[in-house]
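What follows is a single structure, written as structure tokens, with notes after it.
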Amino acid sequence: MPERDAAAALVRRYYEAFNAGDRPGMLALLAEDVVHDINQGGREVGRAAFAAFLAHMDRCYREQVVDLAVMVDETGTRAAAEFTVLGTYVATDDALPPAAGQRYRLPAGAFFVLRGGRIARVTTYYNLQDWLRQVAPNGAGG
Numbered sequence: 001m002p003e004r005d006a007a008a009a010l011v012r013r014y015y016e017a018f019n020a021g022d023r024p025g026m027l028a029l030l031a032e033d034v035v036h037d038i039n040q041g042g043r044e045v046g047r048a049a050f051a052a053f054l055a056h057m058d059r060c061y062r063e064q065v066v067d068l069a070v071m072v073d074e075t076g077t078r079a080a081a082e083f084t085v086l087g088t089y090v091a092t093d094d095a096l097p098p099a100a101g102q103r104y105r106l107p108a109g110a111f112f113v114l115r116g117g118r119i120a121r122v123t124t125y126y127n128l129q130d131w132l133r134q135v136a137p138n139g140a141g142g
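In our numbering, the protein residues as written are 1 to 142.
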């Protein structure tokens, strides 16, 4: 049971750092060779790649995670989180619709592999079509 408690605490600290805008704090929780599976995107490896991803996200979005539920397997080596992202789209992201301060509320989830007291893999999922509807330039967004 201590492994499960420590795993849950690690995932919670990750989201606490996210909500506080503490990117160095988030990165400190990751293994150096962290694997990051991006929603409907590719796979990146390494803390430096994750830092670049966070910088890109911070340029385009202002987000907070609420309603966080963390679940851990019996070994304490795998975890999942379900949450809601409250966000504002502040700068146009590549080929996505133009940003104009649209607000969104998006159910999401993430899966984690934990190793040596650090996060070794993060895989995040959300419904991109739902997000696109919410930020649609025709006013259909939230």
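Beta carbons are placed, not taken as given, at the ideal position from N, Cα and C, and that holds for glycine.
Neighbourhood of residue i by C-beta distance below 7 Å, restricted to the same chain and skipping five residues each side
| i | result |
| --- | --- |
| L30 | R47, F50, R118 and I119 |
| F111 | A80 and T123 |
| V70 | A8, V11, R12, A79 and A81 |
6 Å Cβ shell around residue i - same chain, five flanking residues per side excluded
| i | result |
| --- | --- |
| L106 | V85, Y126 and W131 |
| R23 | L54 |
Assigned exposure category for residue i - 16 Cβ within 10 Å defines buried
| i | result |
| --- | --- |
| V45 | exposed |
| L114 | buried |
| G142 | In this predicted model, G142 has a pLDDT of only 47, less than 50, meaning its place in the structure is not dependable enough to derive any value. |
| V72 | buried |
Residues bridged to residue i (per DSSP)
| i | result |
| --- | --- |
| N107 | Before going on, a small fix: residue 107 reads as Pro here, not Asn. Beta-bridge pairing links P107 to T84. |
| M57 | Answer is none; M57 lacks a bridge partner. |
| M26 | Answer is none; M26 lacks a bridge partner. |
| E63 | G87 |
| Q102 | Y89 |
| R118 | R115 |
Among the options, nearest to residue i - alpha-carbon criterion
| i | options | result |
| --- | --- | --- |
| A28 | G21, Y14 and V35 | Y14 |
| A95 | T77, C60, A110 and A108 | C60 |
| R172 | T123, E63 and D5 | This structure gives no information on residue 172, because the portion of the chain shown stretches from 1 to 142. |
| A88 | A81, M57 and T123 | For clarity, residue 88 is Thr in the given sequence; the question names Ala instead. Comparing Cα positions, the closest option is M57. |
| R121 | P2, I38, D5 and A20 | I38 |
| Q134 | T123, P97 and G116 | P97 |
| F18 | A6, V66 and R43 | V66 |
| F83 | E16, A6 and P2 | E16 |
Assumed close pair residue i, residue j - CB separation to whole angstroms, cut-off 8 Å
| i | j | result |
| --- | --- | --- |
| A79 | V11 | 5 Å |
Cut-off 8 Å between Cβ atoms - residues of its own chain near residue i, not counting five sequence neighbours on either side
| i | result |
| --- | --- |
| E74 | R4 |
| A99 | C60, Y89, V90, A91, T92, D93 and V135 |
| A101 | The displayed chain sequence assigns Gly, not Ala, to residue 101. Contacts found: T88, Y89 and V90. |
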